[in-house]
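Chemist: One structure follows; several queries about it will come next.
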Amino acid sequence: MTMSEANKFTQDILKVAREKADSIVHEAQADSQHASDEARTAISREADSIVRGARADADAVKRRQVSEARHRVKLREQQEKDKIVEDVLEEVKKQASKLVSDDTRYIPLLTHLIESGLRELGSESALVHLNKADLKRVSSSLEQSIRKNVAHVKVEWSKEPIEAIGGALISSLDGKIRIVNTLDQRFEALEPRLLIEAKASLFGE
Amino acid sequence: MSAIETVKVIVDAEKQAAKMIDDATSEANAIRKKIDSSIQQQRQQMLDEAKKRAADISSRAGDEGKQEADNYETDSANTLKALVSKAISKKNATVEKLVTMLMRVE
Chain A
26 MTMSEANKFT QDILKVAREK ADSIVHEAQA DSQHASDEAR TAISREADSI VRGARADADA
86 VKRRQVSEAR HRVKLREQQE KDKIVEDVLE EVKKQASKLV SDDTRYIPLL THLIESGLRE
146 LGSESALVHL NKADLKRVSS SLEQSIRKNV AHVKVEWSKE PIEAIGGALI SSLDGKIRIV
206 NTLDQRFEAL EPRLLIEAKA SLFGE
Chain B
7 MSAIETVKVI VDAEKQAAKM IDDATSEANA IRKKIDSSIQ QQRQQMLDEA KKRAADISSR
67 AGDEGKQEAD NYETDSANTL KALVSKAISK KNATVEKLVT MLMRVE
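Line by line, the protein sequences give chains A and B. Residues 26 to 230 (the numbering used here) are what the first sequence spells out, left to right. Residues 7 to 112 (the numbering used here) are what the second sequence spells out, left to right.
Printed below as a string of C-alpha cells:
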C-alpha cells in the first residue's frame, strides 16, 4: 500500500467514525428534545389538574356557604311567619272569647251549635251543657227557637257549667253519648282552615 | 511504506475512530442525563407553582363564600323586614276575617 492509499484509508475510517459520532449525539439531542416536549405537556396537564381541582373545591365551598345562608334565611323567614300566624290565632281566640258577650253575633251561633248538636245526637231527649256565663243567658227566645227547629227532641239544661269559651256540649241523658260543639272544639276543628286563610291573607301564600 | 507502517497507521486510525465513538456516546449520555434532571427540575417548579395557585384559590374561596353568604343574608334580612311589616299591617283585618269564619253559622 502506498502512503497516499494508507492516508485515504485512514481518512475514510475517521470520516465514518465522525459521522457515526455525530449521529449518536444528534440522536441524543433529538431524543432529549422529544422527551422534554412530552414532559412539558404531561406536567402542564398535571399542574392544570391541580388548579382545576382547587377551583372545583373552592366553588363547592362557596356554594355550600351560600346554601347554608339560604337555609338560615329560609328558617328565619319561616320562624317570623309562624310567630305572626301564632299571634293572629291567639288574637282570634281572644276576640272570640270577647265576642261571646255580643248577643247579636254570638246567640245565633250558640243556637246553631246547640241545634246541630241535638240533630247529630239523634236522640228524643238530650242534655245541653253550657258554660257559666251562657247558663245565665239561656233565654226564652233561645229555648223557643230550639223547640221550633228541633221539635222532636226534649231538651234539658244541665245546671253544671262546662269549661269552655262558649258553645255547647250536648249529651244523652245518661251521658254516654256526647257531642262537643264548644267554641274551643270549633276552633280546633277549624284550625287547619284558619291557618290556610291566615297565611293567604298575611303573606299571599 | 512498509506493511508494518501501514498496519500501524490503520490501527491508529481505528483507535481514533473508536475514541470518537466513545466520546460521542459519553456526550449523548450526558445530554440524556441533563435532560432528565432538567425535566425533574421543571416538573417540580411547575407543580410547586400550581400548588401555590391552588392554595391561593382555596384560601380566597372561604372569604369569598363568606362574603357572598353575608351579602345574601343582608339582602334577605331587608326583604324579610318588608315582608313582616306588610304582614303586620294586615294582622287586624286577618283576625277579623278569621273571627268571622269562626263565628259563622253554616
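Don't be surprised by glycine CBs; every beta carbon is placed ideally from N, CA and C.
Flag this pair as yes or no: are the beta carbons of Ala-60(A) and Ile-27(B) separated by less than 9 Å?
Modeler: No, the pair does not count as a contact, with Cβ atoms beyond the cut-off.
Chemist: Evaluate Gln-90(A) with the Cβ neighbour count: other Cβ atoms within 10 Å of its Cβ, from every protein chain shown; 16 or more gives buried, anything less gives exposed.
Modeler: When all chains shown are included, Gln-90(A) counts as buried.
Chemist: Can a CB atom of chain B be found closer than 9 Å to the CB of Val-153(A)?
Modeler: Answer no: the Cβ-Cβ gap between Val-153(A) and chain B never drops below 9 Å.
Chemist: On the CB-based measure, 16 or more other CB atoms within 10 Å of its CB, does Ile-10(B) come out buried or exposed?
Modeler: Its Cβ having fewer than 16 others within 10 Å, Ile-10(B) is exposed.
Chemist: Please report how far the alpha carbon of Arg-77(A) lies from the alpha carbon of Leu-86(B), in whole angstroms.
Modeler: Taking the straight line joining both Cα atoms gives about 38 Å.
Chemist: Where does Glu-140(A) land, buried or exposed, given buried means 16+ other C-beta within 10 angstroms?
Modeler: Glu-140(A) is buried by the Cβ-count criterion.
Chemist: Can you look up Glu-112(B) in the DSSP assignment and give me helix, strand or coil?
Modeler: Reduced to three states, the DSSP call for Glu-112(B) is coil.
Chemist: Considering only C-alpha positions, which residue in the set Phe-228(A), Ala-223(A), Ala-81(A) is nearest to Val-117(A)?
Modeler: Out of Phe-228(A), Ala-223(A), Ala-81(A), Ala-223(A) has the C-alpha closest to the C-alpha of Val-117(A).
Chemist: So for Leu-155(A), helix, strand or coil by DSSP?
Modeler: Note: Leu-155(A) maps to coil in three-state DSSP.
Chemist: Taking 8 Å as the limit between beta carbons, can you name the residues of its chain near Glu-185(A), skipping five residues before and five after?
Modeler: Only His-154 meet the Cβ criterion.
Chemist: Looking at the strands, I want to know which residues DSSP matches up with Val-180(A).
Modeler: Paired residue(s): Ala-151(A).
Chemist: Is the beta carbon of Ile-132(A) closer than 9 Å to that of Arg-162(A)?
Modeler: Cβ distance < 9 Å, so Arg-162(A) and Ile-132(A) count as in contact.
Chemist: Under 9 Å between C-beta atoms, does Ser-166(A) make it to chain B?
Modeler: Taking Cβ atoms only, chain B never reaches closer than 9 Å to Ser-166(A), which makes this a no.
Chemist: Within the 9 Å Cβ cut-off, does Ser-82(B) reach chain A?
Modeler: Yes, its Cβ sits closer than 9 Å to a Cβ of chain A.
Chemist: Runs of 4 residues minimum, wholly inside the segment 41-69 of chain B: which ones carry the alpha helix (DSSP H) assignment?
Modeler: Correct list: empty.
Chemist: Taking only the alpha-carbon atoms, compute the straight-line gap between Ser-29(A) and Ala-19(B) and give it to the nearest angstrom.
Modeler: Approximately 14 Å between the Cα atoms of the pair.
Chemist: Compare the C-beta of Ser-64(B) with all C-beta atoms of chain A and state if any pair is closer than 9 Å.
Modeler: Judged by the 9 Å Cβ criterion, Ser-64(B) is in contact with chain A.
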